[in-house]
Amino acid sequence: MSTPDIGAVKDLFADEVVTHARVRDVALPHGAGTLALITLDNGLDHTKPSTFGPNGLAGLDAALDAVAARGDIAAVGVTGKPFVFAVGADLKGVPLIGRREDAHTIGRLGHDVFRRLGELDVPTFAYYNGAAMGGGVEIGLHCTYRTISSGVPAFALPETFLGLVPGWGGTYLLPNLIGAEKALKVVIDNPLAQNRMLKGPQAYELGIADAIFDPADFLEESLSWTARVLNGDIIVRRPEVDKGKAWDDAVALARWNVDGRLHGAAPSYVRALDLIAAAKDRTRDEGFAAEDEALADLIMGDELRAGLYAFDLTQKRAKRPAGAPDKALARTVDKVGVVGAGLMASQLALLFARRLEVPVVLTDLDQDRLDKGVGHAHGEIDKLLAKGRVSPDKAGRLKSLITGSLTKDAFADAGLVIEAVFEDLAVKQAVFAEVEEHVSAECVLATNTSSLPVGEMAAGLRHPERVVGLHFFNPVAVLPLLEIVRGERTDEATLATAFAAGRALRKSCVLVKDAPAFVVNRVLLRLLAEIVQAVDEGTPIEVAERAAAPLGLPMPPFVLMGLVGPAVALHVNETLHGAFPDRFPLSGNLAQMVAAGKPGVYLPDLTLDPEVVEIFSGGTSPSTPEQVLERALAALAEEIRIMLDEGVVAAAQDIDLCMILGAGWPFHLGGITPYLDRTGIAEKVTGTRFLDPGVASPRG
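Mind the numbering: the sequence shown is residues 547 to 1246 in the working numbering, read in order.
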């Protein structure tokens, strides 16, 4: 079968690492004949997974030409290099595509090559031996049969997460293989859950693979199974797919979930839903043609460029933090001290014990608090054991590492001590002064403050150069961001030790200046301050809450305030008001709400608390949702420009990275600055874009 002319798109993928399709004959056992085995291999080790660009697809097409011309083979198989099957399309050239017809060609090219595996004169088999994503999953869907290794660590169709759809057969073949409900879990639900991956056994349980084998002898067992299928000893039976009401109901439920989560802010999810909804009645040709059109539209859209930008930030910039010092300067941390035994302190203790596997000692003012903090950490270890995430031996070792002490001389041999006490500058200064009397000259002193100045905490110490901010986000074990705050006198060795510890904790570290509220809290509080001010002026709470819906945030602003606690939000607001009174006004109503002991604006049943509504009543200048959103975005653009001018971080990319990893800012927006650029708010408010055209948006 002829393929589209790849000349127009080939130049755009000049940096393509070509995945070769190497063919070899395998004599099948049980007298089943010869199998032509195609191995997908880009010639690099497993850290550089195989992808499909124009040249790789052309090579696979040529390999299929060769096997199709033969009359001596019983079957064709496809597998990958060690540990990797294939991880989808090569997306490096996508930001360079400027014509819709070129985008359409890429869709057609994948379809026209992959579909041949379902059209050969002999049965075809996909052997998922390792990680498979996107087009790597889809090439297998075109085959007649599939096996999978129980050791496959990642199996997914993540395209919607990035701003695409599974466009090389995924939205048509998968629901027609396993049914709409299961297919939607893979195409919609998992990407919505921060791009959750399946493991080999889960893919098998869904019915995507027909057989599963252990990694040690996976290919050998797959070939033996293939022979028995060809001989008729094994009959592969799959459940009949319900193409009636069950299909429609599954799509309707997924659509309701997407609308509720994203409010129309991510078109890729809507296009994928539309394609799956229509797949029950379309022919294969119609389904593939519809995927080509969707790919062409989405490749030319803003969402994909922003998604690829966000992906690049989290995969590359996060691993090479701007401004990080020489790793060789880092000191060894063989023991960690934690001042405080509250919830945050116990979470930190568990994290340090699990990741660094060193002794961690907590201190507090009395034995009851101390026992409660240590007990909470031990209880979390018991939960990990119950879920099978740690072995009994590992659980015992972790518990033995986490202890408590009423005196700070327990920190004498610690390499790092972090305070997690009440957010009060005087209290933290007193804590550090006391700790300094007990620790070695090499010990790093860290604060987990969310907004207070690190430099002022260190001002009265003999060695202020060893104080650094380590701002974790709650829940500590889940959110991957660590803001590393360099005080005015923090030295390179201290900073290097902080980065080394952050990496060991498996956090993505961003270096930030010692400025009020740092990055995430400053941006979020500017957003919240504008929305609260709109409510103070008379905008109903539900209207102001709804105003932020187009941003597709994980939760509305007032829900977020309820999660962190109004008292904490008020405290950070007060800190920022002290530094920037003109941009962070204090809300008397918010202060009154905190004084009333209200945990949020909502009751447990998620209805508005009438007493809170009464507290915020009295304003006479209500705004529409559109007006609230416009003023909030203008405020964000102003604040981010000021932060960059102040050097809070090295570049706009670092603000986006912080908001994605620390606040769950949507991947499909690329963070906050691409959104402000795309909507024109950045130029309107600041006179310029944050990012050059083409960085997180189409060129031109």
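Backbone N, C-alpha and C fix where the C-beta goes; we use that ideal spot for every residue, glycine too. Everything numeric in this text was worked out from a predicted model, so none of it was measured.
Are PRO1062 and ALA1113 touching if we call contact CB-CB under 8 Å? Within the sequence shown, numbered from 1, the residue matching residue 1062 stands at position 516. Within the sequence shown, numbered from 1, the residue matching residue 1113 stands at position 567. No.
Using only CA atoms, which one of PHE707, LEU738, LYS954 and LEU1215 lies nearest to ASP912? On the sequence shown, position 366 is the one that residue 912 refers to. Looking at the Cα atoms, LYS954 is the closest of the given residues.
Go to LYS728, then tell me how far its alpha helix (DSSP H) extends in each direction, as first and last residue. For the purposes of this step, residue 728 is taken as residue 182 along the sequence shown, with counting starting at 1. In the DSSP assignment, LYS728 falls within the alpha helix (DSSP H) that extends over 726–730.
Report, in whole angstroms, the separation of the C-beta atoms of PHE559 and GLY653, which I expect to be a contact under 8 Å. Within the sequence shown, the letter at position 13 stands for residue 559. Within the sequence shown, the letter at position 107 stands for residue 653. Contact doesn't hold; Cβ gap of about 15 Å is too wide.
How would you write the range of the beta strand (DSSP E) that SER951 sits in, first residue to last? Mapped onto the sequence shown, residue 951 falls at position 405. Unbroken beta strand (DSSP E) run through SER951: 948–951.
Tell me whether the beta-carbon of THR1043 lies closer than 8 Å to the beta-carbon of LEU962. In the sequence shown, residue 1043 corresponds to position 497, counting from 1. In the sequence shown, residue 962 corresponds to position 416, counting from 1. Their beta carbons are under 8 Å apart, which means THR1043 touches LEU962 by this criterion.
Per DSSP, which one or two residues make a beta bridge with ARG692? Residue 692 sits at position 146 when you count from the first residue of the sequence shown. Answer by DSSP bridge pairing, in chain order: ALA672.
Suppose contacts are defined by Cβ-Cβ distances below 8 Å. Is GLY713 in contact with ALA632 by that definition? What you label residue 713 is simply residue 167 of the sequence shown in a count that begins at 1. What you label residue 632 is simply residue 86 of the sequence shown in a count that begins at 1. Contact annotation: GLY713 and ALA632 have beta-carbon atoms that are not nearer than 8 Å.
Check whether the Cβ of PRO595 sits closer than 7 Å to any heavy atom of the ligand MN, and report yes or no. Ligands in the displayed structure: none, and consequently the ligand MN is not present.
Buried or exposed: which applies to ARG900, given that a residue is buried once 16 or more other Cβ atoms fall within 10 Å of its Cβ? Looking up residue 900 in the sequence shown gives position 354. Result: buried.
Under the rule that 16 or more other beta-carbon atoms within 10 Å means buried, what is ARG1008, buried or exposed? Locating residue 1008 in the sequence shown gives position 462, counting from the first residue. Around the Cβ of ARG1008, a 10 Å sphere holds fewer than 16 other Cβ atoms; the residue is exposed.
Residues near PHE1104 in its chain [Cβ-Cβ closer than 6 Å; skip 5 each side]: Position 558 of the sequence shown, counting from 1, holds the residue named residue 1104. Non-local beta-carbon contacts of PHE1104 in its own chain, meaning distances under 6 Å to residues more than five positions away in sequence, involve GLU1091 and VAL1147 in chain order.
Opening and closing residue of the beta strand (DSSP E) in which CYS1055 lies: As a working mapping, residue 1055 is identified with position 509 in the sequence shown. Per DSSP, CYS1055 is one residue of the beta strand (DSSP E) stretching across 1054–1059.
Using the Cα positions of SER997 and PRO1127, report the straight-line distance between them to the nearest angstrom. On the sequence shown, residue 997 is found 451 positions in, with the first residue counted as 1. On the sequence shown, residue 1127 is found 581 positions in, with the first residue counted as 1. Answer to the nearest angstrom: the Cα atoms are 15 Å apart.
Straight-line gap, SER548 to GLY589 (C-alpha atoms, nearest Å): Numbered from its first residue, the sequence shown carries residue 548 at position 2. Numbered from its first residue, the sequence shown carries residue 589 at position 43. Because SER548 sits at a pLDDT of 45, beneath the cut-off of 50, its placement in the model cannot be relied upon, and the following sentence gives the value as read from the coordinates. Between SER548 and GLY589, the C-alpha separation is close to 27 Å.
Which parts of the segment 965–1032 are runs of the alpha helix (DSSP H), unbroken and 4 residues or longer, counting only runs that do not cross its ends? Restricted to the segment 965–1032, the alpha helix (DSSP H) segments that are unbroken, complete and at least 4 residues in length are 971–982 and 1000–1004, listed in chain order.
If PRO721 and LEU655 are in contact, beta carbons under 8 Å, what's the gap, nearest whole angstrom? Counting from 1 along the sequence shown, the entry for residue 721 is found at position 175. Counting from 1 along the sequence shown, the entry for residue 655 is found at position 109. 23 Å between Cβ atoms; not a contact.
Tell me, which residues are paired with VAL572 by DSSP? Along the sequence shown, one-based indexing puts residue 572 at 26. DSSP, once it has assigned bridges, lists LEU581 as partnering VAL572.
Using CA atoms only, rank isn't needed, just tell me which of SER696, GLY1033, THR585 and THR1234 is closest to ILE1188. The sequence position of residue 1188 within the sequence shown is 642, counting from 1. Checked all of SER696, GLY1033, THR585 and THR1234; the closest Cα to ILE1188 is THR1234.
Using only CA atoms, which one of ILE694, TYR718, ILE927 and ARG801 lies nearest to ASP735? Numbered from 1 along the sequence shown, position 189 holds the residue referred to as residue 735. Of the candidates ILE694, TYR718, ILE927 and ARG801, the one whose C-alpha sits nearest the C-alpha of ASP735 is ARG801.
Pick helix, strand or coil for MET890, following the three-state DSSP scheme. To locate residue 890, count along the sequence shown from 1; it is residue 344. Three-state DSSP puts MET890 in a helix.
Three or more C-beta pairs under 8 Å: does that hold for the segment 1205–1223 against the segment 837–853? The segment 1205–1223, when compared against the segment 837–853, does touch it at the 8 Å Cβ threshold.
Check each candidate in ARG784, LEU703 and ALA798 and name the one with the smallest Cα separation from GLY790. For this step, residue 790 is matched to residue 244 along the sequence shown. The shortest Cα separation from GLY790 among ARG784, LEU703 and ALA798 belongs to ALA798.
Of the listed residues ARG935, PHE957 and LEU947, nearest to HIS924 (C-alpha basis): Walking along the sequence shown from the start, residue 924 turns up at place 378. Out of ARG935, PHE957 and LEU947, LEU947 has the C-alpha closest to the C-alpha of HIS924.
Which term fits LEU708, buried or exposed, when burial requires 16 or more other beta carbons within 10 angstroms of its beta carbon? The sequence position of residue 708 within the sequence shown is 162, counting from 1. Counting Cβ neighbours within 10 Å, LEU708 comes out buried, since at least 16 surround it.
So, helix, strand or coil for LEU911, using DSSP? If you number the sequence shown from 1, residue 911 lands on position 365. In the three-state reduction of the DSSP assignment, LEU911 falls in the coil class, being assigned neither a helical nor a strand state.
Can you tell me whether DSSP reads GLY1124 as helix, strand or coil? Along the sequence shown, one-based indexing puts residue 1124 at 578. Note: GLY1124 maps to helix in three-state DSSP.
Give me whichever residues DSSP pairs with PHE1104 in a beta bridge. Translated into the one-based positions of the sequence shown, residue 1104 becomes position 558. Partner(s): none; PHE1104 has no beta bridge.
Leaving out five residues before and five after LEU1051 in sequence, what residues of the same chain have Cβ atoms less than 8 Å from its Cβ? Residue 1051 sits at position 505 when you count from the first residue of the sequence shown. Contacts found: LEU897, PHE898, ARG901, LEU902 and LEU1028.
With distances taken between CB atoms, is the gap from LEU1182 to ILE1218 smaller than 8 Å? By 1-based counting over the sequence shown, the position of residue 1182 is 636. By 1-based counting over the sequence shown, the position of residue 1218 is 672. Their beta carbons are under 8 Å apart, which means LEU1182 touches ILE1218 by this criterion.
Report the three-state DSSP secondary structure of LEU637 (helix, strand or coil). Locating residue 637 in the sequence shown gives position 91, counting from the first residue. Residue state, collapsed to three classes: coil.
Can you give the beta carbon distance from THR670 to THR693, rounded, assuming they're within the 8 Å contact cut? The count along the sequence shown starts at 1 and reaches residue 670 at position 124. The count along the sequence shown starts at 1 and reaches residue 693 at position 147. Contact flag wrong, Cβ pair sits at about 12 Å.
When you compare the segment 778–787 with the segment 579–587, are there three or more beta-carbon pairs, one atom per stretch, that lie closer than 8 Å? Output reads no: the segment 579–587 does not touch the segment 778–787.
Is THR549 helix, strand or coil when you go by DSSP? Numbered from 1 along the sequence shown, position 3 holds the residue referred to as residue 549. Summary for THR549: the model assigns pLDDT 47, below 50, so the residue's position carries little reliability, and this model does not support an answer.
Of all the options VAL1024, VAL1014, PRO1021 and LEU1070, which has the alpha carbon lying nearest to the alpha carbon of PRO1045? As a working note, residue 1045 is residue 499 in the sequence shown. Checking the displayed sequence, the identity of residue 1045 turns out to be Phe instead of Pro. When C-alpha distances from PHE1045 are compared across VAL1024, VAL1014, PRO1021 and LEU1070, the shortest belongs to VAL1014.
In whole angstroms, what is the alpha-carbon distance linking TYR718 and ALA612? Translated into the one-based positions of the sequence shown, residue 718 becomes position 172. Translated into the one-based positions of the sequence shown, residue 612 becomes position 66. Rounded to the nearest angstrom, the gap between the Cα atoms of TYR718 and ALA612 is 28 Å.
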